[in-house]
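Taking full-length UniProt numbering, the leading residue of the sequence shown gets 1, the next gets one more, and so forth. For glycine and all other residues, C-beta sits at the position ideal for the given N, C-alpha and C. Everything below concerns the one structure shown next.
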Amino acid sequence: MHFIIVGAGSIGCYVGGRLAAAGQRVAFVGRPRTMAPLAQGGLTVSDLEGFKAHLETSQLVLADSVALAWSKLQDSKEPTVVLLCVKGGATEAAAREIGAACPSDTVVVSLQNGVENVARITNAAPHLQAVAGMAPYNVVALQPNQVHRGTVGSLCLADSPVTRDMAAVLTASGLPTVLAPDMRAVQWGKLLLNLNNPVNALSDLPLREELTDRDYRHVLAALQTEALAVMARADIQPAKASAVAPSMLPHVLRLPNWLFTRVAARMLRMDAQARSSMWEDMQQGRTTEIEDLCGAVVRLAAQHHTTAPLSAAMCQMVAAHQKGQRITGQALRQTLGIA
């Protein structure tokens, strides 16, 4: 099985790098700013369990377009799967490019944050096989050509005959993968956890340090409580995406520090310097995924004739935030009116 990574950012380079390190043929498609370091120095992938591998440039298939990537991989009869790792706002453009370059029924797996990307792929390129996926972990770029997974978890794909074969390849390549019959529930369960991304970005702190600050946790708990209420109104039951059941997450987050660090020990299993992808986007001056996270909660609320004022406020705060600013947990609680 061959793979094309469309969106060779942190997640794309980690997943693609692990596949390539295991001997799979992988083509990386990305912007010049991300592809140039790979062309000059290869790619290094590592994780918090101690795995580390360096791939020389000669071991990588690099392309500036999906069409070129597809042509470079068509030297055998192996099936080719596209792993889509761009930010949600770039999904439709990427899907149109994939649709123009790849044959009908090409499988495109969304490994993106958010709950709306499969629909975007289908709308933009209906002849593709869009498959929902979920990458649970935090990956950061330590160097322009080195990515590091700082938290734990397994990839998740919608259960189907094609993804069963794919899951076996991914797992054998060091990317443990599970299959789910209801990816909508999985995606909303992951979104609950991803509501911490804007909190972490505004805190300007490593994830572990932010999560051990009870004020920031109160903000996250309030965002999750609001989102859970909106989901209930929409008859969505989010899947368990962590060691704690979705309905219990806000209660655990509000615990005193001495108890939280014991109850949520698995949640805190991460590199000391791990940060959210939204923080990284802010530092690089890139568009964030706030509209795919808090914005999705706001849109779901509107569809069911209710509101999500905290998520709406977070969308505005992230959009207005300047690199280098740090909002304390107490100030964030006060701004949002969280008791």
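In angstroms, rounded to a whole number, what distance separates the CA positions of residue i and residue j?
i	j	result
L60	T44	11 Å
H305	R299	10 Å
A234	M183	16 Å
N197	T91	20 Å
P126	G99	8 Å
S242	A94	30 Å
A69	E280	27 Å
Q74	I5	15 Å
A168	R25	15 Å
P79	H54	26 Å
What residue range is occupied by the uninterrupted beta strand (DSSP E) comprising residue i?
i	result
H54	K52 to L55
L175	No beta strand (DSSP E) holds L175; DSSP gives it neither H nor E.
V152	From DSSP, V152 is part of no beta strand (DSSP E); its letter is neither H nor E.
Q74	Counting along the chain, Q74 falls outside any beta strand (DSSP E), and DSSP gives it neither H nor E.
G133	Q129 to M134
I4	H2 to V6
V29	V26 to V29
Determine the closest residue to residue i out of the options, with distance taken between C-alpha atoms.
i	options	result
C102	R120, S65 and R233	S65
P246	K190, L255 and E280	K190
G174	H2, Y14 and M1	Y14
C156	M248, K240 and F28	K240
H148	L332, E291, V162 and G16	G16
A132	A158, N138 and L310	A158
residue 388	M1, E209 and Q284	With the chain running from 1 to 339 in the structure shown, residue 388 is simply not present.
G50	M270, V230, Y216 and L179	M270
L336	L249, D215, R275 and L228	D215
Looking at residue j and residue i, is the spacing between their C-beta atoms short of 7 Å?
i	j	result
L253	L220	yes
Q136	G153	The residue you asked about is not Gln; residue 136 is Pro in the sequence shown. Cβ atoms of P136 and G153: closer than 7 Å.
I338	H218	yes
A201	M314	no
L332	E226	no
V29	A63	yes
A264	R208	no
R326	D204	yes
W188	V115	yes
I'd like the list of long-range same chain contacts for residue i, defined as Cβ closer than 8 Å, with 5 residues on each side in sequence excluded.
i	result
A172	A22
G40	First, the amino acid is wrong: residue 40 is Gln here, not Gly. Only T57 and N145 meet the Cβ criterion.
G88	Q112, N113, G114, E116, N117, R120, E289, E291 and D292
Once you ignore the five residues that flank residue i on each side, which residues in its own chain have a CB closer than 7 Å to its CB?
i	result
residue 344	The requested residue 344 is not part of the displayed model; the chain covers only 1 to 339.
I'd like the list of long-range same chain contacts for residue i, defined as Cβ closer than 6 Å, with 5 residues on each side in sequence excluded.
i	result
A130	V108, V118, I121 and T122
A308	E226, V230, V297, V298 and A301
Going by DSSP, what residue range makes up the alpha helix (DSSP H) through residue i?
i	result
Q334	G329 to L336
I98	T91 to A101
A141	It is not in any alpha helix (DSSP H) - A141 instead sits in the beta strand (DSSP E) that spans V139 to Q143.
D64	Premise fails: D64 is in no alpha helix (DSSP H) and is neither H nor E.
M35	P32 to G41
A245	A245 -> no alpha helix (DSSP H), and no H or E assigned at all.
A229	R214 to R233
S110	Premise fails: S110 lies in the beta strand (DSSP E), V107 to S110, not in any alpha helix (DSSP H).
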